[in-house]
Amino acid sequence: MQVGKVFLVGAGPGDPGLLTLKARDILARAEVIVYDRLANPVHLRWARPEAERVYVGKAPGQVALDQDGINQVLVDRGLAGRLVCRLKGGDPYVFGRGGEEALACLAAGVPFEVVPGITSAIGAPSYAGVPVTHRNVATSFAVITGHENPDKAATQVDYARLANGADTLVFLMGIGNLPEIRDQLLAAGRDPATPAAVVQWGTWPRQRSVQGTLADLVEVVRDSGIQPPAVTVVGEVVALKSQLGWFETRPLHGRTVVVTRSRTQASEISEQLTALGAEVLEFPVIRIVPREVGPAVRAALDAGVPYDWVVFTSTNAVELFWRAWWAAGGDARALAAVRCGAVGQATAAALAGCGLRADFVPRSFSAADFAREFPGAGTARVWFPSAAKAADTVPAELRALGATVDVLPLYDTVLDPSDAAPLAERLASGEIDAVTFTSSSTAENFRQLLPDADLGAVCLASIGPKTSATLRQLGLPPTVEAAEATLDGLVAVLQAHFAGD
Ligand code: SAH
């Protein structure tokens with residue numbers, strides 16, 4: 001059997017955007033993914049669905065697999081001919097035991113490569129507003145372990161040499177040992193007034209940081225309740241933190257917002273909320289199940305597309321239609337004589353991605369407005385590829401105006417209960433700050449999946465009057481409602497709500 005290969009891959013400190021392109025490519029090719037607690041699991045979205053996933057995380061106080069066990073997993077899979085992605089938090093060679101894993105591969109004759117990652121030693125201070133070097137302030141930095149083997153009699157870190165040996169000192173795994181680190185640095189002559197900071201969960205939406213001096217940092221950290229994982233930075237550069245901090249000052253930083261939409265449609269609002277600093281939990285109350293439409297699509301194509309208009313009401317409809325259209329041999333030219341309608345800017349943008357410019361985008365989402373504004377009413381022949389469920393409202397309005405409407409039911413939407421229990425738990429523990437509702441059906445589905453959820457302190461944000469009415473009927477009166485019934489409006493009202501807190 002041919003031997004495989006092990007890639008030791010740095011996942012970066014947490015922010016999904018800080019994964020390298022090479023890491024993403026290897027994740028996408030890997031047959032086996034072996035990952036840690038500190039490697040953000042969202043990176044696994046790049047993995048092939050059929051890839052074997054081996055979690056070897058070591059939560060504090062718990063032992064999952066020891067280092068020999070991990071080495072063995074890598075070697076076994078490599079010898080079995082597999083392409084293995086060993087995904088590690090930060091950089092694999094910065095206190096990641098990557099060297100040991102590489103040596104184990106070498107000894108077993110398994111080829112390996114290393115993909116460096118952004119280490120938390122630089123990434124976490126950076127997101128907290130601390131550059132590890134700065135002209136005229138710090139010309140060197142050292143990265144030091146704060147946690148050594150407790151069996152060792154004395155520290156192996158040479159504090160006498162390090163204390164003043166680098167301008168900026170960055171300690172990893174140092175929270176439990178902070179008093180010892182402080183004492184050693186002071187004993188070795190570092191100035192007690194040196195600015196110092198601790199950054200917990202650096203680059204994650206839950207990042208928190210505190211600042212003090214070498215002399216009082218232990219107390220500052222204790223009072224703040226900061227826990228591992230965290231990096232500790234000591235040095236004059238920390239004085240820049242109050243000016244250069246940018247991550248924790250974003251408007252929704254530290255807020256956890258639930259977005260109730262289907263997985264595919266959630267991305268637009270999720271991206272906006274994430275960019276404002278929120279931790280977004282997509283609660284996919286709806287899952288898309290495509291229907292077989294190949295024969296119907298081919299028939300329309302063969303008949304020369306006997307329509308004046310084709311109208312899309314969602315990005316899902318555009319995507320699924322286009323897939324079927326393409327498979328049937330159609331392309332944008334085959335729609336040249338047909339005009340296109342799109343409900344919502346996101347739908348119009350999806351259409352543009354297929355090389356089709358929307359001829360009509362109504363001002364609002366409501367079926368009545370759509371029909372009122374639709375320029376093709378009257379005797380138009382309209383093709384309506386949509387969710388099976390959405391097939392009655394808009395078509396009914398259009399038919400009332402004299403149009404002929406052929407519905408192409410592309411997909412069904414089904415409830416996805418798999419995430420309900422963990423969400424209920426997070427709601428109960430008060431971790432959720434807001435839930436967004438973008439339609440009556442998301443409200444109904446949310447209620448159905450979480451009938452007993454305690455939403456007392458949670459901000460319920462509604463996209464518009466119709467959704468709000470449904471929420472009230474369900475006993476979930478909205479806390480805020482968007483002034484304009486769009487995703488932008490919903491994001492704006494949430495932002496205003498939390499700014500006023
Ligand atoms: N290879 C990793 C470090 C592994 S050691 C890297 O290059 O970042 C584990 C320690 O890294 C933790 O105890 C903590 O000190 C630090 N760490 C890892 N991720 C972190 C994060 N997002 N924020 C703060 N510290 C982090």
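When you number the sequence shown by this note's numbering, it's gap-free, plus one each residue, and the end is 501. Each residue gets a CB set at the ideal place from its N, CA and C atoms; glycine is no exception.
Residue i (DSSP reduced to helix, strand or coil)
i, result
"G212", "strand"
"G12", "strand"
"L65", "coil"
"I269", "helix"
"G202", "coil"
"T264", "Below a pLDDT of 50, predicted positions are generally treated as unreliable, and T264, at 48, falls in that range; the measurement from the model is reported next regardless. Reduced to three states, the DSSP call for T264 is helix."
"S224", "helix"
"H147", "coil"
"H134", "strand"
"Y127", "helix"
"P92", "coil"
"A193", "coil"
"S120", "helix"
"E180", "helix"
"L281", "strand"
"A230", "strand"
"T168", "strand"
"V54", "strand"
"V157", "coil"
"A142", "strand"
"I33", "strand"
"E397", "helix"
"F247", "coil"
"G500", "coil"
"P49", "coil"
"F374", "coil"
Paired residues, beta bridge with residue i - DSSP
i, result
"W309", "R339, V382"
"D354", "Contrary to the premise, residue 354 reads as Cys rather than Asp in this sequence. DSSP, once it has assigned bridges, lists no residue as partnering C354."
"D412", "V289"
"R298", "R298 pairs with nothing; no bridge assigned."
"V407", "F384"
"L83", "K5"
"S364", "According to DSSP, S364 bridges with nothing at all."
"F437", "T260, S462"
"F112", "V6"
"V480", "A461"
Distance CB(residue i)-CB(residue j) smaller than 7 Å
i, j, result
"V210", "A230", "no"
"D503", "G14", "Limits of the chain in this structure are 1 at one end and 501 at the other, which puts residue 503 out of reach."
"A434", "D412", "no"
"R97", "L8", "no"
"P195", "V238", "yes"
"G353", "T379", "no"
"W325", "V382", "no"
"G146", "G174", "yes"
"E373", "P362", "yes"
"A275", "T315", "no"
"P417", "V405", "no"
"V75", "E52", "no"
"Y159", "A193", "no"
"G304", "A332", "no"
"L455", "I269", "no"
CA nearest to the CA of residue i, picked from the options
i, options, result
"F247", "Y55, A278, A166", "A278"
"V137", "R161, V234, D68", "V234"
"H134", "T168, A121, G123", "T168"
"P179", "V220, V259, R298, S140", "V220"
"R45", "V56, G57, R29", "R29"
"D191", "E444, A215, W204, R339", "A215"
"F437", "A80, V94, L476", "L476"
"L38", "G464, V114, P49, T119", "T119"
"A469", "L450, N71, S441, Q495", "S441"
"S505", "L460, A424, S429", "This structure gives no information on residue 505, because the portion of the chain shown stretches from 1 to 501."
"V110", "K88, A80, A128, T139", "A80"
"L162", "E481, V143, V293", "V143"
"S140", "E236, R339, V42", "E236"
"P49", "Y55, S224, L27, R77", "L27"
Rounded distance between the beta-carbons of residue j and residue i, thought under 8 Å
i, j, result
"F112", "K5", "7 Å"
"F498", "L252", "6 Å"
"V280", "V259", "6 Å"
"F321", "G341", "With a Cβ gap of about 13 Å, F321 and G341 do not count as contacting."
"L19", "G12", "5 Å"
"A502", "E397", "Lying outside 1 to 501, the shown extent of the chain, residue 502 is not represented and no answer is given."
"L83", "V257", "Between V257 and L83 the Cβ distance is about 37 Å, and since that is not below 8 Å, they are no contact."
"D25", "K88", "The pair is not a contact, with the Cβ atoms about 17 Å apart (cut-off 8 Å)."
beta-carbon residue i near ligand 3 non-hydrogen atom, thresh 6 Å
i, result
"T20", "Inclusion of ligand 3 in the displayed structure is not the case, the ligand content consisting of ligand 1 alone."
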